[in-house]
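> FYI, the numbering for the sequence shown is 23 to 221, going by this note's numbering.
Here a beta-carbon is modelled for each residue, glycine too, at the ideal position from N, C-alpha and C.
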Amino acid sequence: LWALDVLWRHLVQRTNRPGRAAEISLLAAVALRPCPTAWQRAVCLALKALAFDGQWDECWRLAAAELSFRPSREILYQCGRLAHFDGRREAMDAYLPHLLGLLPLVPSSVQPAVRFWAAMLQQQTGRPLLAERALRDLLPALQPGGAQESQTKLKLAREVLATVSTLEADVQRIYALSSSVWLTAMGKGSREKEATAKS
Numbered sequence: 023l024w025a026l027d028v029l030w031r032h033l034v035q036r037t038n039r040p041g042r043a044a045e046i047s048l049l050a051a052v053a054l055r056p057c058p059t060a061w062q063r064a065v066c067l068a069l070k071a072l073a074f075d076g077q078w079d080e081c082w083r084l085a086a087a088e089l090s091f092r093p094s095r096e097i098l099y100q101c102g103r104l105a106h107f108d109g110r111r112e113a114m115d116a117y118l119p120h121l122l123g124l125l126p127l128v129p130s131s132v133q134p135a136v137r138f139w140a141a142m143l144q145q146q147t148g149r150p151l152l153a154e155r156a157l158r159d160l161l162p163a164l165q166p167g168g169a170q171e172s173q174t175k176l177k178l179a180r181e182v183l184a185t186v187s188t189l190e191a192d193v194q195r196i197y198a199l200s201s202s203v204w205l206t207a208m209g210k211g212s213r214e215k216e217a218t219a220k221s
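Okay, here's the thing in structure tokens:
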């Protein structure tokens, strides 16, 4: 498994051959099926390699096939994470419930990572307020020195929070304008009734 990790990094990060990395990881996954921990790691590497290669349909077919063979929290987590980068609604809708379902099942040390990717999918599937609440809670842990320090996740979280803040400001402006128009109309209506009564 260690050798597979090293070879995977070499193929994906140094020689830019994610397709070959996916093939080798798939062969390893088949060979390692009797050992669940090593098997799920090999499957995750194959999924990531397919994603790097842009083979999203193959990625999701592989995930479905392997999860039907044996349930795996690690594979479900990886699928939820990759769904964010795929960006297609069907993938995000498929794995968001799985991420949320994992939260009470995984160790507390892993929950922030699961919550983060669940929040990212919530934002992308039209649930910005739920995403904002989760990301604001996670923000201290993502910052330098935090328990889940990650510059990449911190950048993504700040982008989402900025987008939601802009959305909230726009909603407040629309509400204020609507209220102003409604009050003006009510006032005009009252004056017309008074004028009619006097005449």
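Can you tell me where the alpha helix (DSSP H) with T59 in it begins and where it stops?
Run containing T59: P58 to F74, per the alpha helix (DSSP H) assignment.
> Measuring CB to CB, does A68 end up less than 8 Å from L48?
Closer than 8 Å, so yes.
> Any beta-carbon of chain C closer than 8 Å to the one on L125?
Of the chains in the structure shown, none is chain C; there is only one protein chain.
> Identify whether S223 lies in helix, strand or coil by the three-state DSSP scheme.
The first residue shown for the chain is 23 and the last is 221, placing residue 223 beyond what the model contains.
> Hey, could you find the ends of the alpha helix (DSSP H) E112 is sitting in?
It spans R111 to L124 - the alpha helix (DSSP H) in which E112 sits, taken as one unbroken run.
> Apart from the five residues just before and just after L157, which ones in its own chain have a Cβ nearer than 7 Å to its Cβ?
Here the set comprises A141, A179, V182 and L183.
> I need the DSSP call for G167, collapsed to helix, strand or coil.
Of the three classes helix, strand and coil, the one that applies to G167 here is coil, per DSSP.
> Distance, Cα to Cα, Q248 vs Q173?
No statement about residue 248 is possible, as the shown extent of the chain runs from 23 to 221 and does not include it.
> Taking 7 Å as the limit between beta carbons, can you name the residues of its chain near A50, skipping five residues before and five after?
Correct list, in chain order: L26 and A64.
> Just verifying my parser: in three-state terms, what is the DSSP assignment at S131?
Looking at S131 - three-state DSSP - the assignment turns out to be coil, as it is neither helix nor strand.
> If we count the other Cβ atoms within 10 Å of its Cβ and call it buried at 16 or more, is C66 buried or exposed?
So C66 counts as buried.
> Assuming contact is defined by CB atoms lying nearer than 8 Å, are L23 and I46 in contact in what I supplied?
No, Cβ-Cβ distance for L23 and I46 is not below 8 Å.
> Evaluate Q62 with the Cβ neighbour count: other Cβ atoms within 10 Å of its Cβ, from every protein chain shown; 16 or more gives buried, anything less gives exposed.
With 16 or more other Cβ atoms within 10 Å, it is buried.
> For L152, which residues in the same chain have their Cβ closer than 8 Å to its Cβ, ignoring the five residues on either side in sequence?
Only A141 and Q144 meet the Cβ criterion.
> Could you spell out the range, first to last residue, of the alpha helix (DSSP H) harbouring P93?
Unbroken run through P93: none, as it is neither H nor E.
> With a threshold of 6 Å on Cβ separation, who are the neighbours of M114 within its own chain once the five nearest residues in sequence on each side are excluded?
For M114, where only same-chain residues beyond five positions count, the Cβ hits under 6 Å are A105, L143, Q146 and T147.
> Where does the unbroken alpha helix (DSSP H) through L49 begin, and where does it stop?
From DSSP, the alpha helix (DSSP H) with L49 extends over P40 to A53.
> Going by C-alpha to C-alpha distance, which of S94, R39, Q100 and T188 sits closest to D75?
When each option's Cα is compared against that of D75, the closest is R39.
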